[in-house]
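So the sequence shown is residues -37 to -1, 1 to 132, counted in mature numbering (1 follows the signal peptide of the UniProt record, and there is no 0).
By construction, the Cβ of each residue, glycine as well, lies at the ideal position given by its N, Cα and C atoms.
Quantities reported herein were computed from a predicted structural model and do not represent experimental measurements.
Worksheet: the structure to be examined is printed underneath.
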Amino acid sequence: MFKTSPSSTLRMSKRNFLLAAALSLPLLAGIPTASFAKEATMKKEMGKSITINGYQLEVESNNRSSVADELNSGRLGQLSTSDVVDWYKFTPNSSGLVTVELSGVPNSIPYRVGVTKDPSRSGFLDISLTTGASRTVTFNAVAGTTYYFHVDSYDNYDTSGNYYLIKRL
């Protein structure tokens, strides 16, 4: 972390200085600690996290459609701010009706789930309501086609618990 200069003065490397500054800025700016969240996924799929001064900072990989996580039978997740989007994908082996349910979200928090075949374009095949204990999307899936699921919040978030996505074929 520190480098010794020829004059024997200890000095922090530029990379570590920038990392320390970036991690300290939210604390100095008074951002609530709830802004730091951890992604809850199956152990084998867990992303790495960094703990600094007791704060756990999430390092998740699914905030863009290009790095969407596979949606198996079910997934736990968490939105750490209202502008974070979590992406999942699924490619069915057979055609038929698919329902994906977003549950575990407090009724007052406006999370929603949407499904699309092309995340680079606007519009969804179906998008859930933003309120209620359970929000669902249902669509006719075609075998071999990849579908992308987008979990976001209309204007609020909750880090006291996790949402759960359940896929039903």
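Report task. Please report how far the alpha carbon of F112 lies from the alpha carbon of Q41, in whole angstroms. Result -> Stepping through the sequence shown from its first residue, residue 112 is reached at position 149. Stepping through the sequence shown from its first residue, residue 41 is reached at position 78. Note on geometry: alpha-carbon atoms of F112 and Q41 lie some 14 Å from one another.
**Report entry** Given A34 as reference, the closest of W50, D46, R27 once Cα atoms are compared
**Finding:** Position 71 of the sequence shown holds residue 34. Looking at the sequence provided, one finds Leu at residue 34 rather than Ala. If we check each option's Cα against that of L34, W50 comes out closest.
Query raised in the report: When we look at the beta-carbon of D115 and count the other beta-carbons within 10 Å, is it buried (16 or more) or exposed?
Result: On the sequence shown, position 152 is the one that residue 115 refers to. By the 10 Å Cβ count, D115 comes out buried.
Requested in this report: Grab me the residues of P55's own chain with a C-beta within less than 6 Å of its C-beta, minus the 5 sequence neighbours each way, in chain order.
Outcome: As a position in the sequence shown, residue 55 is number 92, starting the count at 1. Excluding sequence neighbours, P55 sits near A104, A106.
Requested in this report: Buried or exposed for Y126, please, with buried defined as at least 16 other CB atoms from any protein chain shown within 10 angstroms of its CB.
Outcome: Here residue 126 refers to the residue found at position 163 of the sequence shown. Classification for Y126: buried.
Query raised in the report: Going by other Cβ atoms of all chains shown within 10 Å of its Cβ, with 16 needed for buried, is T79 buried or exposed?
Result: Within the sequence shown, numbered from 1, the residue matching residue 79 stands at position 116. With 16 or more other Cβ atoms within 10 Å, it is buried.
Query raised in the report: If we ignore side chains and look at the alpha-carbon of each, how far apart do V68 and S28 end up?
Result: Position 105 of the sequence shown, counted from the start, is the residue given in the question as residue 68. Position 65 of the sequence shown, counted from the start, is the residue given in the question as residue 28. Using only the alpha carbons, I get a separation of about 22 Å.
Query raised in the report: According to DSSP, what are the bridge partners of S116?
Result: Position 153 of the sequence shown, counting from 1, holds the residue named residue 116. In DSSP, S116 forms a bridge with Y74.
Requested in this report: Check V47 in the structure and name its three-state DSSP category.
Outcome: The count along the sequence shown starts at 1 and reaches residue 47 at position 84. Three-state DSSP puts V47 in coil, outside helix and strand.
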